[in-house]
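What follows is a set of notes on a single structure, which appears directly below.
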Amino acid sequence: MFRFFGFRALRAAITIVMVVTFAFVVLRLSGDPALLIMSVDAPPEAVAAFRTSWGLDEPLWVQYVRYFAAIFEGDLGRSMRDGRPALDLVVERIPATLALTIPALFIKLGLGIPAGITAALHRNSLLDRTVMALAVAGFTVPSFVLGLLLVLLFAVQLGWLPSGGQESWRHAILPVVTLGIGGAAVLARFTRSAMLEVLGQPYIRTASAKGVPWRQVVRGHALPNAAIPTVTIIGFMVGSLIAGAVVVESVFSWPGVGRLLVVAVANRDLAVVQCILLLVAATMVTANMIVDLLYGLLDPRLRNAPRGAGG
Amino acid sequence: MSLVAIRDLAVSFDGAPALRGIDVEINSGEALGMVGESGCGKSVTWLAALGLLPGKARISGSVRLEGQEILGATPATLDRVRGGRVAMIFQDPASSLNPVHRIGKQVSEALSLHRGLRGAAARAEARRLLDLVGIPDAARRLDAYPHELSGGQNQRVMIAIALAGQPELLVADEPTTALDVTIQAQILDLLGTLRREMNMALVLISHDLGVIAEACERVAVMYAGRIVEEAPIARIFAAPAHPYTQGLLGALPPIDGERQPLAAIPGQVPDPRAMPPGCAFAPRCAVRLDACAAAMPEGRAVAEGHRAACLRAGAMERVLA
Ligand SMILES: Nc1ncnc2c1ncn2[C@@H]1O[C@H](COP(=O)(O)OP(=O)(O)OP(=O)(O)O)[C@@H](O)[C@H]1O
Ligand SMILES: [Mg+2]
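Residue numbers (my numbering), protein chains in the order written: chain X, 11 to 321; chain U, 33 to 353.
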């Protein structure tokens, strides 16, 4: 058990360092923050002073070492735009994002999993075909297109719901639905194929041959096995709770982490971008570790210590 | 009355016939072997009889269990028959057990369904069954998962599950094919012993006549979805009446000798979508007559308890006598 976690913690740390390093290099090579933040006609001395004060005149590797040293002291830098700590800026946006992504996660699970199971249990029926056609539509349509379609229908045409902003819970409905539909479609397809795979296994036939009623075969024998691959994709969805709404937040002008990221990237606000990426990587990595743990719970073959097996 | 009587059982998948009229009976306590090449329909016969085929299978005919029709019976009826009166075990024990449930739970499930045993009583009985099928340290194995056991032990667990409902008939579909030779012999011994002790009928499916000869009294030889010959095991070896059976016997390795590549029967099994109108074996048959291609030969009695579906069956009997 200790080795299990030691290994995964190390892998997680390496993942995070790689993400942060990658972001660091790409951001610094892709444009000069000084020129973007100061106006174009700013005097050269002012630009130089800006560079010095943010350490941008140092060689890249010095900046990199400094940056990491600061992270270990809990300092994620300051926004170049308003000088506030980047972490504060990011953290204050998190609730707004979660207000979209958590309800959307429930839609994904509550719609996608039952739809996938039902489709698999009625394979090739009209019901199956309908569910799968909807699922294909649901995940081939990009979320910004779906979002815009929903806005056209429910905000512009019918006038039932607002098209953007964050004033009330009604403003959250369209973005939540947009996020939820895409994810539900992915999950439905995934659950269906996991379920079909399991239903074709010999142990399902064994259960029937034993006299287990079909409902109980599905519940007691098929679902626990189909849950194993499905957990991977659910883990991925949980991991993207913070960063999974970039596009939708932009479409619906929702002031969450995603929009902050878009603005910060456009401005080369390095500390803010890096802070968000660090947070995203950390969530992803945590979700992954939870998935690994769940695997161990769901699938005895993945547990280390054999039980009851003498020799 | 026979325990199970299958009459004119026919099965097809997407228009391709897999069974083309199977008639077979089995009496209480009897051991019947079913033999034939891969794909001839041995498994499908019993999967169809127990309602275990996927929905796309088209099934007709009759399967009676002590006179009661079970083909197309309600799910509730079938659930009582399956495991309770007729149990079935399969070829690949490793994948036939549910990987996420403990052995004890998988045995107890059958005990609870067919004998109403739960909790400690079920556990004690599950333990007794594991002992009975020869699993060492049964008490601890109850808590093991299938992947922690060997193939032979998993097959013993499958047998324990099958015995849990105290069935009148056990259908063992190639129970030893996936196991190595020494384990094969042990499992066959076990099945034979259990059958005698529990007075249970046994259907042993195999493509190996040698295996069947060890455990069965009677054998049905299948070819391309039909039973082409049926006889007491000694007669099959002494006086096979169907050219296909003779071919199978020619392909049987010497009992003590090393297993060698079999002297296979030349030619191939016909495509189920393009069955010849006459005898399905005729295209491969060395002694076919013109009439063989005309109509499907009906089974005819060759001797007491010995039938063969071959136009020459009677004639051959005379030649061999
Ligand atoms: N689920 C299925 N869908 C389609 N065809 C099937 C299905 N099950 C069996 N068949 C076909 O039915 C025929 C008989 O198959 P069956 O499994 O009974 O053969 P078998 O005699 O048991 O062979 P083996 O020795 O390989 O187990 C084969 O042609 C097979 O392809
Ligand atoms: Mg088979």
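Glycine is no exception: its CB is placed at the ideal position from the N, C-alpha and C atoms.
Every value quoted in this text rests on a predicted model; they were computed, and no experiment measured them.
Contact set between the region 141-162 of chain U and chain X, restricted to residues whose Cβ is under 7 angstroms from the partner: For the region 141-162 of chain U, which is checked against every Cβ of chain X, the residues closer than 7 angstroms are Glu141, Ala142, Leu145, His146.
In DSSP terms, what Gln100(U) is bridged to: Residue 100(U) sits at position 68 when you count from the first residue of the second sequence. Answer is Leu97(U).
Sequence ranges, alpha helix (DSSP H) only - wholly within the region 175-213 of chain X, length at least 4: If we require 4 residues or more, the alpha helix (DSSP H) runs fully inside the region 175-213 of chain X come out as 179-209.
Interfacial residues, the region 162-192 of chain X to chain U, with Cβ spacing under 8 angstroms: Cβ contacts with chain U: none found.
Collapsed DSSP secondary structure at Ala237(X) in the structure displayed: The residue you call residue 237(X) lines up with position 227 of the first sequence. Three-state result, Ala237(X): helix.
Any chain X beta carbon closer than 7 angstroms to Asp46(U): Translated into the one-based positions of the second sequence, residue 46(U) becomes position 14. Chain X, which has no Cβ nearer than 7 angstroms to the Cβ of Asp46(U), makes this no.
Short Cβ contact (7 angstroms threshold) for Leu241(U) with Leu211(U): Taking the second sequence and counting its residues from 1, one reaches residue 241(U) at position 209. Taking the second sequence and counting its residues from 1, one reaches residue 211(U) at position 179. Not in contact: Leu241(U) and Leu211(U) (Cβ atoms no closer than 7 angstroms).
Alpha carbon of Thr216(X) to alpha carbon of Ile121(U), nearest angstrom: In the first sequence, counting from the first residue as 1, residue 216(X) sits at position 206. In the second sequence, counting from the first residue as 1, residue 121(U) sits at position 89. Using only the alpha carbons, I get a separation of about 7 angstroms.
Selection of the region 64-98 of chain U by Cβ proximity to chain X, strictly under 7 angstroms: Against chain X - using a Cβ distance shorter than 7 angstroms - the residues of the region 64-98 of chain U are Leu82, Leu84.
Neighbourhood of Pro265(X) by C-beta, 7 angstroms cutoff - its chain only, sequence neighbours within 5 removed: To locate residue 265(X), count along the first sequence from 1; it is residue 255. Hits under 7 angstroms: Arg103, Ala106, Gln176.
Start and end residues, beta strand (DSSP E) containing Ile237(U): Within the second sequence, residue 237(U) is the residue found at index 205, counting from 1. Unbroken beta strand (DSSP E) run through Ile237(U): 233-238.
Extent of the continuous alpha helix (DSSP H) to which Ala217(U) belongs: The residue labelled residue 217(U) in the question sits at position 185 within the second sequence. Note, Ala217(U): alpha helix (DSSP H), 213-230.
First and last residue of the uninterrupted alpha helix (DSSP H) at His146(U): Walking along the second sequence from the start, residue 146(U) turns up at place 114. Looking at the DSSP string, the run of the alpha helix (DSSP H) that includes His146(U) is 135-147.
Cβ-heavy atom distance, Lys74(U) to ligand 2, below 6 angstroms: Locating residue 74(U) in the second sequence gives position 42, counting from the first residue. Answer for Lys74(U): yes, Cβ within range of ligand 2.
Residue environment, Trp71(X), which counts as buried when at least 16 other CB atoms sit within 10 Å: Position 61 of the first sequence, counted from the start, is the residue given in the question as residue 71(X). Answer is exposed; the Cβ neighbour count stays below 16.
The alpha helix (DSSP H) enclosing Leu45(X), as first and last residue numbers: As a first step, residue 45(X) is located in the first sequence; it is residue number 35 there, counting from the start. In the DSSP assignment, Leu45(X) falls within the unbroken alpha helix (DSSP H) covering 43-47.
Arg114(U) at chain X interface by Cβ criterion, 7 angstroms: Mapped onto the second sequence, residue 114(U) falls at position 82. True, the Cβ-Cβ gap to chain X drops below 7 angstroms.
Cutoff 7 angstroms; reference Phe34(X); Cβ partners in own chain excluding five residues on either side: The residue labelled residue 34(X) in the question sits at position 24 within the first sequence. Around Phe34(X), the same chain offers Tyr74, Tyr77, Gln284 as residues with beta carbons nearer than 7 angstroms, after the five sequence neighbours per side are excluded.
Closer than 6 angstroms: Gly224(U) CB and nearest ligand 1 heavy atom: In the second sequence, counting from the first residue as 1, residue 224(U) sits at position 192. Relative to ligand 1, the beta carbon of Gly224(U) is positioned no closer than 6 angstroms to any heavy atom.
Three-pair Cβ contact test at 8 angstroms for the region 138-155 of chain U versus the region 97-105 of chain U: With the cut-off at 8 angstroms, the region 138-155 of chain U and the region 97-105 of chain U do not touch.
Any C-beta of chain X under 7 angstroms from that of Asp205(U): The count along the second sequence starts at 1 and reaches residue 205(U) at position 173. For Asp205(U), the answer is no, since every Cβ of chain X falls outside 7 angstroms of its Cβ.
Check whether Thr188(X) and Val258(X) have beta carbons under 7 angstroms apart: Counted from its first residue, the first sequence places residue 188(X) at position 178. Counted from its first residue, the first sequence places residue 258(X) at position 248. At a Cβ-Cβ threshold of 7 angstroms, Thr188(X) and Val258(X) count as neighbours.
Within chain X, the residues that Val301(U) reaches when beta carbons sit closer than 9 angstroms: Walking along the second sequence from the start, residue 301(U) turns up at place 269. Under the 9 angstroms cutoff, chain X gives no residues; its nearest Cβ is about 24 angstroms from Val301(U).
Buried versus exposed, by CB contacts within 10 Å (16 or more), Leu312(X): Counted from its first residue, the first sequence places residue 312(X) at position 302. By the neighbour-count rule (16 or more Cβ atoms within 10 Å), Leu312(X) is not buried but exposed.
Best match in Ile243(X), Met247(X), Leu209(X) for proximity to Ala232(X) [C-alpha to C-alpha]: By 1-based counting over the first sequence, the position of residue 232(X) is 222. Selected option, being the one with the closest Cα: Leu209(X).
Chain X within 7 angstroms of His239(U), Cβ atoms only: As a first step, residue 239(U) must be located in the second sequence, where it is residue number 207. It does not; no Cβ of chain X falls within 7 angstroms.
Buried versus exposed, by CB contacts within 10 Å (16 or more), Phe262(X): Translated into the one-based positions of the first sequence, residue 262(X) becomes position 252. The residue in question, Phe262(X), is buried, as its Cβ has 16 or more Cβ neighbours within 10 Å.
CB of Gly197(U) within 7 angstroms of CB of Gly116(U), strictly: Taking the first residue of the second sequence as position 1, residue 197(U) is located at position 165. Taking the first residue of the second sequence as position 1, residue 116(U) is located at position 84. Yes, these two residues count as a Cβ contact at 7 angstroms.
Residue interval of the beta strand (DSSP E) (run including Glu57(U)): Locating residue 57(U) in the second sequence gives position 25, where the first residue counts as 1. 48-58 is the span of the beta strand (DSSP E), which, as asked, contains Glu57(U).
Backbone secondary structure at Val113(U) - three-state DSSP: Working through the second sequence from its first residue, we reach residue 113(U) at position 81. For Val113(U), the three-state secondary structure derived from DSSP is helix.
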